[in-house]
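The working numbering applies: residue 5 is where the sequence shown begins, and numbers increase by one. Remarks on the structure that follows.
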Amino acid sequence: MAFKYQFETILNLKIRMEDMKNAELKLAIEKMEIEKRKLEKLFKEKETEEKLFKEKQKQHFTAEDLRLFNNYINTLKRKIEYQESIVKKEEKKVEKVREELIKASKEKKMFEKLKEKKYEEYMHEYYAAEQQVVDNIVSFKYNGSGGAEDE
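As structure tokens, then:
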């Protein structure tokens, strides 16, 4: 009789769940990295504009130029704040999925360990039964041949 693990279907489900969470984590990390790059781009744009403003200050600068620059910098600041909130949201998603992956991995390992334990029990019973058969054969031969020698 071959070994059959009664929770094999559940174990397979746990393996698939872990694989899905791995893929989900990968996507969440990729999305978070994209949002971080967008934020970095906004910071660089703001830095570039501030340097440009300092260069233009050395030249003739009108009040209208100053107003436009301030409006643009304020717009960039708002975009940066918004992008920072998006990055934080994506970081939280990554952490949540990472925790779900850890949970899925633990559940899978639990069923794998149970399978190993059940297999060891099965093998122990199998070898015990096999030894019993061998003992019966030896006992039968011994008892059968012992009677023939007495005659």
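Note that CB positions come from ideal geometry on N, CA and C, so glycine has one too.
What's the gap between the Cα of residue i and the Cα of residue j?
i: Lys108; j: Ile19; result: Position check: residue 108 holds Ala in this sequence, whereas Lys was assumed. Going from the Cα of Ala108 to the Cα of Ile19 covers about 8 angstroms.
i: Leu105; j: Lys145; result: 59 angstroms
i: Glu34; j: Glu103; result: 17 angstroms
i: Ile141; j: His128; result: 20 angstroms
i: Ala152; j: Glu134; result: For Ala152, the pLDDT reaches just 47, beneath the cut-off of 50, and the residue's location in the model is therefore unreliable, although a value from the coordinates is still provided. Those two C-alpha atoms are separated by around 27 angstroms.
i: Ser89; j: Gln61; result: 33 angstroms
i: Asp154; j: Lys119; result: For Asp154, the predicted structure reports a pLDDT of 46, less than 50, and the residue's modelled location is therefore unreliable. A value from the coordinates is still provided. Asp154 and Lys119: Cα-Cα distance of roughly 52 angstroms.
i: Ala6; j: Ala132; result: 15 angstroms
i: Ala32; j: Lys122; result: 37 angstroms
i: Lys48; j: Lys81; result: 12 angstroms
i: Tyr126; j: Gln136; result: 15 angstroms
i: Leu43; j: Val98; result: 17 angstroms
i: Phe115; j: Lys30; result: 25 angstroms
i: Asn16; j: Asn26; result: 15 angstroms
i: Glu111; j: Thr52; result: 51 angstroms
Just curious, the alpha helix (DSSP H) that residue i is in, first and last residue?
i: Thr52; result: 12–61
List the whole-angstrom C-beta distance separating residue i from residue j, where the pair is believed to meet the contact cut-off of C-beta under 8 angstroms.
i: Val101; j: Glu22; result: 12 angstroms between Cβ atoms; not a contact.
i: Ile77; j: Lys58; result: Actually they are not in contact, since the Cβ atoms of Ile77 and Lys58 sit about 12 angstroms apart, beyond 8 angstroms.
Please determine, among the options, the residue with the shortest C-alpha to C-alpha distance to residue i.
i: Asn75; options: Glu111, Gln61, Glu54; result: Glu54
i: Gln87; options: Leu46, Tyr130, Leu31; result: Leu46
i: Lys96; options: Thr66, Met36, Lys25, Tyr123; result: Met36
i: Glu94; options: Asn16, Lys8, Ile38; result: Ile38
i: Lys40; options: Glu111, Lys110, Lys83, Asn147; result: Lys83
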